[in-house]
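Peer 1: I have a structure here, written as structure tokens, and I will follow up with some questions on it.
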Amino acid sequence: MESASEVRVGLIGYGFSGATFQAPLIASVPGLRLTRVCSSQSERVLRDFPDVEVVADPAELMASGEVDLVVVATANASHAPLARQALLAGKHVVVEKPFTITLDEGAELIALAEQRQLHLSVFHNRRWDSDFLTLRQTIDAGLLGPINMYEAHFDRYRPNVRGRWREQNLPGSGILYDLGAHLIDQALVLFGNPDCVNCDIGVQRDAGSDAADDYFHLTMRYGARRVILHGSSLVLQPGPRFTVHGDTGSFIKHGMDPQEAALMRGERPGAPGWGVEPESLHAQLSFVKGALTVTGKAQSLPGCYQEYYQRVFEAIAHGKSLPVTAREGLAVIKIIRMAMQSHAQQRSVTFE
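Counting in full-length UniProt numbering, the sequence shown runs from 1 upward without gaps.
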């Protein structure tokens, strides 16, 4: 790079992910400059970012000398070919989660990035959710003791199947690749690779054979510990987001991190109260300390999605470590593929 003080970014895709997450978060980080966007929605892009150049062809964006980092925010099936094209063009790459659809695709991209000495990362932003940051610190502080049972839900109420690729029966579509990828990544961050996986996947909404899966119930076993990850599109009144029990304590948390909703309202990182949950959503924490039993509310740490891109900048410009490595992104795909195998064969699948 000519200058370590600036990383120029080209964004491919300006749908929900590109417009709601990627572009605003990139713009919030000093040192990152959005210079190119590949999209058919030029009016929308220029309304939001009048100083960028909009192109229609990803190849044109990748060939630009004004792009150091390519962010791929397109349909899941296009992640691997676009990331490969960008790496061959000599660009660093961020891929929206899920990383790829298959393990072979991901392994090929990792090998190519290493061969070309380029940074390759996966946008697992929910590591910086308010509730997950709070839970992780609670566990790291030892307040719960060794964890016996961890249950995480990502439930929504969307009874009608929409005409989006995410909800159609296509490779890489469905709730397991979409919301399940978040829950799996969080579990791997906390506990590492499981001993085995068991999963039930289904289509519960009445939409015929063209609908993607809208339900999953995934159990990851770690010796005596059970990690249960659940997602559904037919939950009108959700239960706890996290239910975690250890030898010496419990952590029960309702509600969702506020950052996605704030981004959809047009708010940006750095605004007053960014990522701060209301007290009504603070977790219920109970733990034993000596002869005392302590019960009360655990104040949530502020969420900070912008931290992901801050660390991407520092990795490219200053040689620091990536916030999420491609190998970590590929580990999520491995669990998804094991879950699909478990469902198809109606058995537990051992991690190899």
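A virtual CB, placed ideally from N, CA and C, is assigned to each residue, including glycine.
List the residues that DSSP assigns as beta-bridge partners of M149.
Peer 2: The partner list for M149 (beta bridge, DSSP) reads R226 and H245.
Peer 1: Pick helix, strand or coil for M1, following the three-state DSSP scheme.
Peer 2: Confidence in M1 is poor, its pLDDT being 44 and thus under 50, which makes the residue's placement unreliable; the coordinate value appears in the next sentence. In this structure, M1 counts as coil in the three-state DSSP scheme.
Peer 1: Buried or exposed, going by whether 16 or more other CB atoms sit within 10 Å of the CB of M220?
Peer 2: That one is buried.
Peer 1: For the candidate residues L46, G174 and V9, whose alpha-carbon lies nearest to that of G65?
Peer 2: Comparing Cα positions, the closest option is V9.
Peer 1: Which parts of the stretch 234 to 311 are runs of the beta strand (DSSP E), unbroken and 3 residues or longer, counting only runs that do not cross its ends?
Peer 2: List check, beta strand (DSSP E) in window: 242 to 246, 249 to 253, 283 to 289 and 292 to 298.
Peer 1: Have a look at E53 and L330 and give me their C-alpha separation to the nearest angstrom.
Peer 2: Each residue's alpha carbon lies about 32 Å from the other.
Peer 1: What are the residues that DSSP puts in a beta bridge with L32?
Peer 2: Looking at the DSSP assignment, L32 forms a beta bridge with V7.
Peer 1: Have a look at the DSSP bridge pairing and note the partners of N198.
Peer 2: BP columns for N198 point to T219.
Peer 1: Which of the three DSSP states is assigned to H92 in this structure?
Peer 2: DSSP places H92 in strand when its eight states are reduced to three.
Peer 1: Would you check if the distance between the CB atom of V67 and the CB atom of A83 is smaller than 8 Å?
Peer 2: No; because the gap between Cβ atoms is not below 8 Å, this pair is not in contact.
Peer 1: With E108 as the anchor, note down where its alpha helix (DSSP H) starts and where it stops.
Peer 2: Its alpha helix (DSSP H) spans residues L103 to R116.
Peer 1: Within its chain, find whatever has a CB closer than 6 Å to the CB of I228; leave out the 5 residues flanking it on each side and keep chain order.
Peer 2: If we look at I228 and ignore the five residues flanking it on each side, its Cβ neighbours are E151 and T219.
Peer 1: Taking just the CA atoms, how far does F191 sit from E2?
Peer 2: Any reading at E2 is ruled out, since the residue's pLDDT is 44, under 50, leaving its predicted position unreliable.
Peer 1: Which one or two residues does DSSP pair with Q168 in a beta bridge?
Peer 2: Paired residue(s): A211.
Peer 1: Is the stretch 15 to 28 touching the stretch 301 to 311, taking contact as three or more C-beta pairs under 8 Å?
Peer 2: Yes: at least three Cβ pairs fall under 8 Å.
Peer 1: Could you check how far apart the C-beta atoms of K97 and F123 are, in whole angstroms? I think they sit under 8 Å.
Peer 2: With a Cβ gap of about 6 Å, K97 and F123 count as contacting.
Peer 1: Throw me the rounded Cβ distance for the L135 and I333 pair, which I believe falls under 8 Å.
Peer 2: Wrong, their Cβ atoms sit about 24 Å apart, outside the cutoff.
Peer 1: Grab the span of the alpha helix (DSSP H) containing S342 for me, first residue to last.
Peer 2: A326 to Q345 is the span of the alpha helix (DSSP H), which, as asked, contains S342.
Peer 1: Among N193, S42 and V161, which one has its Cα closest to the Cα of E352?
Peer 2: The candidate whose alpha carbon is nearest that of E352 is N193.
Peer 1: Thinking C-beta only, is I175 closer than 8 Å to F242?
Peer 2: Contact: no.
Peer 1: Please report the Cβ distance between residue 364 and G239, rounded to the nearest whole angstrom; I am assuming they are in contact, meaning their Cβ atoms lie under 8 Å.
Peer 2: Residue 364 cannot be examined here, being either before or after the span of the chain that is shown, 1 to 352.
Peer 1: Is the stretch 70 to 89 close to the stretch 41 to 49, with three or more CB pairs under 8 Å?
Peer 2: Judged by Cβ distances under 8 Å, the stretch 70 to 89 makes no contact with the stretch 41 to 49, as fewer than three pairs qualify.
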